[in-house]
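This report concerns only the one structure given below.
In the numbering used here, the protein residues as written are 3 to 391.
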């Protein structure tokens, strides 16, 4: 499988200027290609092919006074910008055909976007120097903070400047089956929540860190300072950067928490089952800020790709599965219960259940059926739940 590794870059002042030039040239080529295709669509003409756009907007444009500065950056960066537009159109049309979730049509890039990126492939002849620096064409040798060794030779590198003004190098590498971990006997079900981020079927409860809630006071001060600055001023740009850095610290802490917990669960268990939550629906309720602060989707995605990487079994239980209504001891369905009810007694066998631990046990049992391809349960409304693909 393909994995992406990101490392912090520390370019010099001259290298930052060269990267800004590369970001701008890639954006101009992307916008020119999008404009050409939109013009052809409005006139009823077929879409220009990528090869024709490359010849017109890159090769020939470099010989014109208006676009002569395109020759100051690597041509691979400009070619990749056209491929990014092809990908955007492909995703848009696949969404219309139902092959993937719907997304909007490609839009023009703005020079005021706070996040910029360019991609270098092997054709650009970039390399990692013996001294550990990243050598990029027409930019130079950039200092890298290596936090780990790459498992294999990377195929591409993407240089990203985020909203907080930080630079990152993102490498795409191929991993093989040699990374599979030794088999374990444990199976675990996970019930995700807000008070407790995760409740395990073995009784463990992981408290929710609430990174955004804890940083709200500082975020409020920085955002108030930003609102007082005059638009277009240098002080406003500095204040905006402080706000972006405060949000970046929250996002980094949340991501680190997700990585540590998901790696621990993958190492300790052979099979992991979670509930397929409707995060978009929950984010439209009064709990929206807490739902986004928890980051359930990112955590489940980490569990899924790490399970595939290390040879573990991962299963998603249908979101309509009544995990809180079934008795994990006898399987009796005891009906709907308000969220205020944290403990209940089964009317059939008399077992006293902790609501979250009981749900995690039911998710583990159902996840085992889903993984075996034989799940046939009843949802909360009494209808059949089909097994996952």
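All residues carry an ideal CB built from backbone N, CA and C; glycine is no exception.
Report all residues from its chain with a CB closer than 7 Å to the CB of residue i; omit the five preceding and five following residues, and keep chain order.
| i | result |
| --- | --- |
| residue 343 | 357 |
| residue 35 | 55, 59, 84 and 87 |
| residue 253 | none |
| residue 264 | 301, 304, 305 and 308 |
| residue 242 | 228 |
| residue 202 | 190, 192 and 362 |
| residue 28 | 79, 80, 83 and 120 |
Report the three-state DSSP secondary structure of residue i (helix, strand or coil).
| i | result |
| --- | --- |
| residue 57 | helix |
| residue 287 | coil |
| residue 188 | coil |
| residue 115 | coil |
| residue 198 | strand |
| residue 3 | coil |
| residue 391 | Interpretation of residue 391 is limited by its pLDDT of 38, a score under 50 that renders its predicted location unreliable; the figure taken from the coordinates is listed afterwards. Coil, per DSSP. |
| residue 72 | helix |
| residue 317 | strand |
| residue 214 | helix |
| residue 29 | helix |
| residue 233 | coil |
| residue 209 | strand |
| residue 121 | strand |
| residue 277 | strand |
| residue 66 | coil |
| residue 224 | helix |
| residue 367 | helix |
| residue 163 | strand |
| residue 176 | strand |
| residue 384 | For residue 384, the pLDDT reaches just 45, beneath the cut-off of 50, and the residue's location in the model is therefore unreliable, leaving the point undetermined. |
| residue 110 | coil |
| residue 282 | helix |
Residue j and residue i - do their beta-carbons sit closer together than 7 Å?
| i | j | result |
| --- | --- | --- |
| residue 248 | residue 224 | yes |
| residue 78 | residue 122 | yes |
| residue 173 | residue 12 | no |
| residue 318 | residue 278 | yes |
| residue 55 | residue 84 | yes |
| residue 214 | residue 295 | yes |
| residue 196 | residue 292 | yes |
| residue 120 | residue 24 | yes |
| residue 175 | residue 5 | yes |
| residue 182 | residue 32 | no |
| residue 186 | residue 262 | no |
| residue 373 | residue 315 | yes |
| residue 139 | residue 126 | yes |
| residue 161 | residue 9 | no |
| residue 166 | residue 136 | no |
| residue 153 | residue 177 | yes |
| residue 142 | residue 266 | no |
| residue 2 | residue 367 | No information on residue 2 is available, as it lies outside the stretch 3 to 391 that the chain covers here. |
| residue 53 | residue 64 | no |
| residue 188 | residue 359 | no |
| residue 355 | residue 346 | yes |
| residue 102 | residue 164 | no |
| residue 216 | residue 280 | no |
Ordered along the chain, which non-local residues of its own chain (more than five positions away) have a Cβ less than 8 Å from that of residue i?
| i | result |
| --- | --- |
| residue 238 | 228, 231 and 232 |
| residue 244 | 224, 227 and 228 |
| residue 43 | 49 |
| residue 392 | The question about residue 392 has no answer here: the residues shown for the chain are numbered 3 through 391. |
| residue 334 | 328, 348, 349, 350 and 351 |
| residue 68 | none |
| residue 38 | 50, 55, 58 and 59 |
| residue 235 | none |
Return the chain-ordered list of same chain residues with a C-beta closer than 6 Å to the C-beta of residue i, the five sequence neighbours on each side being excluded.
| i | result |
| --- | --- |
| residue 90 | 108 |
| residue 260 | 300, 301 and 304 |
| residue 256 | 213 and 297 |
| residue 325 | 361, 364 and 365 |
| residue 207 | 198 and 201 |
Taking DSSP's pairing of strands, which residues face residue i in a bridge?
| i | result |
| --- | --- |
| residue 356 | 345 |
| residue 328 | 335 |
| residue 203 | Its beta-bridge partners do not exist; DSSP assigns none. |
| residue 11 | 146 and 169 |
| residue 130 | 136 |
| residue 158 | 174 |
| residue 193 | 201 |
Does the Cβ of residue i lie closer than 6 Å to at least one heavy atom of the ligand HEM?
| i | result |
| --- | --- |
| residue 267 | Ligands displayed in this structure: none; no statement on the ligand HEM is therefore possible. |
* Asked: Mind pulling the alpha helix (DSSP H) runs of 4 or more residues that sit fully within the stretch 235-277?
  -> Correct list: 236-270.
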